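Structure first, commentary second.
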Amino acid sequence: MAGGTTPHFHNDAGHDRIAIGVREFMCVGATPPYDHPHVFLDMGDENEIVCPYCSTLYVHNPDLAAGETEPAGCVFDAHADAA
């Protein structure tokens, strides 16, 4: 994602599937301190990808913005603890 910040997503609620508006992102698993290694995932030309650590299925939905998820509430603010 040249020229921007890579969105981070979490799955605290244990959803089987999370729709996101980007194809390149970081999965953190659950929020710290229960996170897994923050892994960069790139769907490429595909419309979905499974995180190799937490097995969350991420599905690309072009109708969503980079900071939106379905279900809502799965965006992780990597800078929130630094403030």
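Sequential numbering of the sequence shown, starting at 1, is according to UniProt numbering. Every residue, glycine too, gets a C-beta built ideally from N, C-alpha and C. Just so it is clear, the structure is predicted and the values come from calculations on it, not from any experiment.
For residue j and residue i, believed in contact at Cβ under 8 angstroms, the rounded distance
i	j	result
E24	T5	That pair is no contact at about 11 angstroms.
N61	A19	4 angstroms
Cβ shell of residue i (< 6 angstroms), same chain only, five flanking positions each side left out
i	result
V22	P7 and A66
Unbroken beta strand (DSSP E) run spanning residue i, endpoints
i	result
D35	D35 to D42
E24	E24 to G29
E48	E48 to V50
Three-state secondary structure (DSSP) of residue i
i	result
C74	coil
T69	strand
H60	strand
A19	strand
H79	coil
With 16 other Cβ atoms within 10 Å as the buried cut-off, status of residue i
i	result
V28	buried
H10	buried
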